[in-house]
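Structure, as structure tokens:
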Amino acid sequence: MFISFDIIGLIISLTEIIIGMFGNGFIAIIYCIDWVKSRKLFSCDMILTCLAMSRILLQGIFTAHIIIHTFAPGTFHLKQVQKSLSFLWLFANTAGLWITACLGIFYYVKITICNQPLFLRMKQKISVMVPKLLLWSLLVSFVTSIPLIWVEYSIYLCISTGHLFSNSTVEAKTWDVSYLYFTLLYSAASFIPFIIFLTTSILLISSLWRHTRNMQCNTTGLWDPSIEAHISAIKALISCLILYIFYFAHSRYRGTWNEILKETG
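Here full-length UniProt numbering is used: the first residue of the sequence shown is 1, the next is one more, and so on.
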């Protein structure tokens, strides 16, 4: 019975991952085809392409983690395999968060109406800044992930939950120091882009709402398509923000709660 449940869970997990990979792959391919045809990739398309690729990498790591852990448990517990999977997972997940933050910054600067000279200057240069922002996002993600390879590997990163668990042969003191170090590192690397995206999204929603109210006050007709478009955009942004908050909170809560259960169990 337990084996049957394990197999069902494995099939469901792999199905979800494959669907996600096909969806993100479709997005990346469409933008790449447009890039080849027009010889130009717009800033927004560049961000979305990089975000789709980071999600494909993350989902590919999930797939490798599940397959190796299920069909080759001996290989899964090899030190080099653990290091490689953990590094790639941390890099892909952190890069996805930072690229999402770049997307929030881009939309906020391009859409928000503001007459401040500094903001107007940013609005003019944001398209040129996007490649640099993406490069810095990848660099920060790499720098915050690379220590996972340098240190003596006394802990393992559980990719399915995003939390750390120790090798039973390692002293508790070593595990505590390593766990604290990587918890602080991962929390900083993920919390900062989350705050950036949260702030830019709230400011953008507020700006769109004020602009929509002004349009409603100035319109003379009973129905204006532009107002409906703004309202639809606000609803889409709010939905995206809520889903993003739930995803971030769930990933952080799941890792922390599993550690508490392990310590008290």
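For glycine and all other residues, C-beta sits at the position ideal for the given N, C-alpha and C.
Keep in mind the model is a prediction, meaning the values are calculated, not measured.
Assigned secondary structure, arginine 39 (DSSP; H/G/I helix, E/B strand, else coil): coil
Does the segment 200-217 come close enough to the segment 108-117 that 3 or more CB-CB pairs lie under 8 Å? yes
Whole angstroms are fine: how far does the CA of isoleucine 27 sit from the CA of isoleucine 231? 25 Å
Residues of its chain near methionine 21, where Cβ-Cβ distance is below 6 Å and the 5 sequence neighbours each way are ignored: Ile56 and Gln59
How would you label phenylalanine 194, buried or exposed, when you count the other beta carbons within 10 angstroms and need 16 or more for buried? buried
Is the beta carbon of threonine 94 closer than 8 Å to that of serine 141? yes
Beta carbon of isoleucine 30 nearer than 8 Å to that of threonine 63: no
Between the Cα of isoleucine 7 and those of His69, Val36, Leu243 and Cys50, spot the shortest distance and give me the residue it belongs to. His69
Suppose only complete runs of 4+ residues qualify. What are the alpha helix (DSSP H) ranges in the segment 26-107, listed by chain order? 43-71 and 73-76
Assigned exposure category for tyrosine 186 - 16 Cβ within 10 Å defines buried: buried
With the cut-off set at 8 Å, would you say leucine 241 and tyrosine 107 are in Cβ contact? no
What's the C-alpha gap between asparagine 214 and leucine 90? 44 Å
State the DSSP-derived secondary structure class of residue 273, mapped to helix, strand or coil. Nothing about residue 273 can be read from this structure; the chain reaches only from 1 to 265.
Contact belief for leucine 190 with valine 130 at Cβ below 8 Å, rounded distance in angstroms: Sequence check: residue 190 is serine here, not leucine. Their Cβ separation, rounded to whole angstroms, is 22 Å, which puts serine 190 and valine 130 out of contact at 8 Å.
Starting from glutamine 124, trace the alpha helix (DSSP H) both ways and give me its first and last residue. 117-145
Report yes if the C-beta distance between leucine 148 and lysine 83 is below 8 Å; otherwise report no. yes
What residue from Gly74, Phe248, Ile66 and Trp98 has the CA that sits closest to leucine 48's CA? Trp98
List the whole-angstrom C-beta distance separating isoleucine 61 from leucine 10, where the pair is believed to meet the contact cut-off of C-beta under 8 Å. Not really, about 16 Å apart at Cβ, beyond 8 Å.
Which value, in whole angstroms, describes the spacing of the CA atoms of valine 143 and tryptophan 136? 10 Å
Straight-line CA distance for alanine 229 to serine 206? 15 Å
Own chain, CB closer than 6 Å to leucine 41, minus 5 neighbours either side, in chain order: Trp35
Using a Cβ-Cβ cut-off of 6 Å (strictly less than) and excluding sequence neighbours within five positions of methionine 109, which residues of its own chain qualify? Before going on, a small fix: residue 109 reads as valine here, not methionine. Met122, Lys123 and Ile126.
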